[in-house]
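*Asks:*
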Amino acid sequence: MRFMSFILGLFAAATAAQPAATGPVVRLDGYRVVRVEIESADDVETMLGFGADQWSHHIPVGGSADFMIAPEMVDALDGSGLVYEVAIENVQEAVDAENARLRGGDGGGARGWFADFKRLDEINDYMDVLAAGSPDIAEVVELGMSIQGRPVRGLRITNDAYGEAACKPSVLYNATQHAREWISPMVAMYAADRLLAGYGVDQAMTDLVDRTEILIVPVVNPDGYTYTWTTYRYWRKNRRNNGGGSYGVDLNRNWGYAWGNNNGSSGDKWSDIYRGTAPFSEPETQHLRDWSNSRPRLAAQVDLHSYGQWVLWPWGYTGSQPPYAQTFATLGNEIRQIILSVHNRSYTAGQAYTLLYPVSGGALDWFLGGADAINYTVELRGSDFVLPPNQIIPNGEEVFPALVHFAQWALANRSAPGDFNMDAKIDTLDVLSFLNAWNNNEPRGDFNGDGSINTHDVLAFLNAWNAGC
Ligand SMILES: [Zn+2]
Numbered sequence: 197m198r199f200m201s202f203i204l205g206l207f208a209a210a211t212a213a214q215p216a217a218t219g220p221v222v223r224l225d226g227y228r229v230v231r232v233e234i235e236s237a238d239d240v241e242t243m244l245g246f247g248a249d250q251w252s253h254h255i256p257v258g259g260s261a262d263f264m265i266a267p268e269m270v271d272a273l274d275g276s277g278l279v280y281e282v283a284i285e286n287v288q289e290a291v292d293a294e295n296a297r298l299r300g301g302d303g304g305g306a307r308g309w310f311a312d313f314k315r316l317d318e319i320n321d322y323m324d325v326l327a328a329g330s331p332d333i334a335e336v337v338e339l340g341m342s343i344q345g346r347p348v349r350g351l352r353i354t355n356d357a358y359g360e361a362a363c364k365p366s367v368l369y370n371a372t373q374h375a376r377e378w379i380s381p382m383v384a385m386y387a388a389d390r391l392l393a394g395y396g397v398d399q400a401m402t403d404l405v406d407r408t409e410i411l412i413v414p415v416v417n418p419d420g421y422t423y424t425w426t427t428y429r430y431w432r433k434n435r436r437n438n439g440g441g442s443y444g445v446d447l448n449r450n451w452g453y454a455w456g457n458n459n460g461s462s463g464d465k466w467s468d469i470y471r472g473t474a475p476f477s478e479p480e481t482q483h484l485r486d487w488s489n490s491r492p493r494l495a496a497q498v499d500l501h502s503y504g505q506w507v508l509w510p511w512g513y514t515g516s517q518p519p520y521a522q523t524f525a526t527l528g529n530e531i532r533q534i535i536l537s538v539h540n541r542s543y544t545a546g547q548a549y550t551l552l553y554p555v556s557g558g559a560l561d562w563f564l565g566g567a568d569a570i571n572y573t574v575e576l577r578g579s580d581f582v583l584p585p586n587q588i589i590p591n592g593e594e595v596f597p598a599l600v601h602f603a604q605w606a607l608a609n610r611s612a613p614g615d616f617n618m619d620a621k622i623d624t625l626d627v628l629s630f631l632n633a634w635n636n637n638e639p640r641g642d643f644n645g646d647g648s649i650n651t652h653d654v655l656a657f658l659n660a661w662n663a664g665c
């Protein structure tokens, strides 16, 4: 019951704080962000009933959540009895300050590309620069066009001259399904930049690039992202014309697994969590799905968002245990620990649904339920979607090693079973490597996983080896 009324509250978000679809820049003079103590689902309903724009991706019941409210809502909030503090006094000031800095800046200049946030064309240019700088291991791929005709681009990082493509686990890191989350494409680009810089220098990274295929898509939603730079800084959805003056589908409610489950999405086209007219109705989600389906060994995926510092795993639409529950928990906590170890930033790790409010039609459920990939949603830094540019590099520094660790997990656990030494090819070295493990009673020698190491394992291994990748 608690969740039900909670969900109804989410539906009430409907016409909240919708900016003009077209026309001049949307201003937010006097708009505040308030951090409200949420003691029950009714509190969320109350906020959304005011027409507040929910900024916190995730609302832990019994915690607090951020909402943007229009000046005229303040009296109603004060009268509601809800306990809150003002996190941002005037949202427009934050936007103005960001604008002034970006206009006056040199795009980073001598301080480097990661010194400040970047427009879509700048991100695309830098992807080209990175690919041109590492032509043997990186290429720009166009996954398809957005609804307004902008390419959805990714940097594909792998050494095609090494091993066999069919043997390599594929890993997808994508960002910016939600347009206003500007830190997310920066962290994605940081990861691409560091991975390419590490090739041939760092053995672990070299192995990773040789033996896996990694696709980094910094901006899944190029139309929405562009709109946040030109017109409305806090736009979230894509730019689908829904008719009647309504724009946008929430791409992270449009994925085709348990789509439309009423836990955590909306059928109202004005809602910020509008799921669209059908599963995968949007070209942007279709493109990621199609690339993922085209991979022989899709293994792992991370969806970067902001903000709140969370590491979340499926399911989002139900509290049931996911397949691979133990793997999700172990690896998720390792990711959390790695992030913590860099700059002492604490991210909260857990299953999305049980930790937070429900999400349905999210990427995290499709990548598990529709593509059998281990995946996480990582919410990055910030107490606002607008955040100081000096957060970019530290956020990249703490998340990059976690992404590397996850890709290494994929290599170790999702290589072809016959590729025993995980070098992306099946040859006699795999036989030697297996027999060695088998002889030494190593856990991996129990190839058929029946708890004992015997000749059945040899037969099982040889079958897998024969089958190839
Ligand atoms: Zn998001």
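If you count the sequence shown from 1, you need to add 196 to reach this note's numbering.
All residues carry an ideal CB built from backbone N, CA and C; glycine is no exception.
Keep in mind that this is a model prediction, so the values were computed, not measured.
1. Enumerate in chain order the residues of its own chain whose CB-to-CB distance from residue 557 is below 6 Å, with the five nearest sequence positions on each side excluded.
2. Starting from residue 240, trace the beta strand (DSSP E) both ways and give me its first and last residue.
3. Use the C-beta contact count for residue 377: other C-beta atoms within 10 angstroms, 16 or more gives buried, fewer gives exposed.
4. Tell me the start and end of each unbroken beta strand (DSSP E) in the segment 406-459 that is at least 3 residues and wholly inside, in chain order.
5. Quick check on this structure: which residue in 330, 417, 283, 329 has the alpha carbon closest to the alpha carbon of residue 348?
6. Could you give the DSSP three-state label for residue 640: helix, strand or coil?
7. To the nearest angstrom, how far is the alpha carbon of residue 485 from that of residue 401?
8. Scan the segment 263-315 and note each continuous alpha helix (DSSP H) run of 4 residues or more that stays entirely inside, going in chain order.
9. Residues in its own chain within less than 8 Å of residue 615 by CB, not counting five upstream and five downstream?
10. Kindly indicate the opening and closing residues of the alpha helix (DSSP H) around residue 593.
11. Looking at C-alpha atoms only, which residue of 412, 642, 427, 533 is the closest neighbour of residue 375?
12. Should residue 527 be labelled buried (16 or more other beta-carbon atoms within 10 Å of its own) or exposed?
13. Report buried or exposed for residue 571, applying the criterion of at least 16 other Cβ atoms within 10 angstroms of its Cβ.
14. If you measure from each residue's Cβ to the nearest non-hydrogen atom of ligand 1, which ones come out under 7 Å, in chain order?
15. Would you please state the rounded distance, in angstroms, between the beta carbons of residue 577 and residue 502? I believe it to be under 8 Å.
16. Who does residue 549 pair with in a DSSP beta bridge?
17. With a threshold of 16 other CB atoms inside 10 Å of the CB of residue 652, please say whether the residue is buried or exposed.
18. Whole angstroms are fine: how far does the CA of residue 640 sit from the CA of residue 634?
19. If residue 412 sits next to residue 369, beta carbons under 8 Å apart, how far is it from one beta carbon to the other, in whole angstroms?
20. To which residues of the same chain is residue 269 closer than 6 Å at the C-beta, ignoring the five residues directly before and after it?
21. Can you look up residue 569 in the DSSP assignment and give me helix, strand or coil?
22. For the segment 258-276 and the segment 322-329, state whether three or more C-beta atom pairs, one from each stretch, are separated by less than 8 Å.
23. Distance check for residue 487 and residue 253, CA to CA, integer angstroms please.
24. Going by C-alpha distance, which of 605, 547, 553, 536 is nearest residue 590?
25. Give, in chain order, every unbroken run of the alpha helix (DSSP H) that is at least 4 residues long and sits entirely within the segment 484-563.
26. For the alpha helix (DSSP H) that contains residue 339, what are its first and last residues?
27. Would you mind working out which of 548, 505, 518 sits nearest residue 592, comparing C-alpha positions?
28. Look up residue 345 in the DSSP assignment and give the residues it is bridged to.
29. Given a cut-off of 8 Å on the beta-carbon distance, is the pair residue 597 and residue 654 in contact?
30. Of the choices 436, 314, 367, whose alpha-carbon is the least far from that of residue 386?
31. By a C-beta neighbour count over all protein chains shown, 10 Å radius and 16 as the cutoff for buried, is residue 299 buried or exposed?
32. If you follow the alpha helix (DSSP H) that residue 386 is part of, which residue opens it and which one closes it?
33. Which class does residue 368 belong to by DSSP, given the choice of helix, strand or coil?
*Replies:* Taking the structure as given:
1. Around residue 557: 449, 450, 451, 455, 461, 471.
2. No beta strand (DSSP E) contains residue 240, which is instead part of the alpha helix (DSSP H) from 237-245.
3. Residue 377 is classed as buried because its beta carbon has at least 16 other beta carbons within 10 Å across all chains shown.
4. With a minimum length of 3 residues, the continuous beta strand (DSSP E) runs that stay inside the segment 406-459 are 409-413, 437-439.
5. Closest option to residue 348, Cα to Cα, is 417.
6. In the displayed model, residue 640 falls within a helix according to three-state DSSP.
7. The straight-line gap separating the alpha-carbon atoms of residue 485 and residue 401 is approximately 27 Å.
8. The segment 263-315 contains these whole alpha helix (DSSP H) runs: 270-276, 287-300.
9. Cβ within range, chain order: 363, 621, 622, 626, 665.
10. First-last of the alpha helix (DSSP H) with residue 593: 588-610.
11. Ranked by how close their Cα comes to the Cα of residue 375, the residues 412, 642, 427, 533 have 427 in first place.
12. Residue 527 counts as buried, since no fewer than 16 other beta carbons sit within 10 angstroms of its beta carbon.
13. That one is buried.
14. Ordered along the chain, the selected set is 253, 373, 374, 377, 448, 501, 502.
15. Confirmed, Cβ separation roughly 7 Å.
16. Bridge partners of residue 549: none, in fact.
17. The residue is exposed, with fewer than 16 neighbouring Cβ atoms inside 10 Å.
18. Rounded to whole angstroms, residue 634 to residue 640 spans 7 Å at the Cα level.
19. 5 Å between Cβ atoms; contact.
20. Shown here for residue 269: same chain residues with a beta carbon closer than 6 Å to its own, the five before and five after excluded, namely 246 in chain order.
21. Look at residue 569 here: in three-state DSSP terms it is coil, with no helix or strand label.
22. Touching, no, given that fewer than three Cβ pairs across the two stretches are closer than 8 Å.
23. In this structure, the straight-line span from the alpha carbon of residue 253 to that of residue 487 is close to 27 Å.
24. Of the listed residues, the one whose Cα sits closest to residue 590 is 536.
25. Residue ranges of uninterrupted alpha helix (DSSP H) with 4 or more members, entirely inside the segment 484-563 and ordered along the chain, are 521-539, 548-551.
26. No alpha helix (DSSP H) holds residue 339; the beta strand (DSSP E) holding it covers 334-341.
27. Per the C-alpha coordinates, the member of 548, 505, 518 positioned closest to residue 592 is 505.
28. Per DSSP, none; premise fails for residue 345.
29. Taking 8 Å as the cut-off, the beta carbon of residue 597 is found no closer than this to the beta carbon of residue 654.
30. Nearest of 436, 314, 367 to residue 386, Cα basis: 314.
31. Exposed, because fewer than 16 other Cβ atoms sit within 10 Å of the Cβ of residue 299.
32. 379-394 is the span of the alpha helix (DSSP H), which, as asked, contains residue 386.
33. Residue state, collapsed to three classes: strand.
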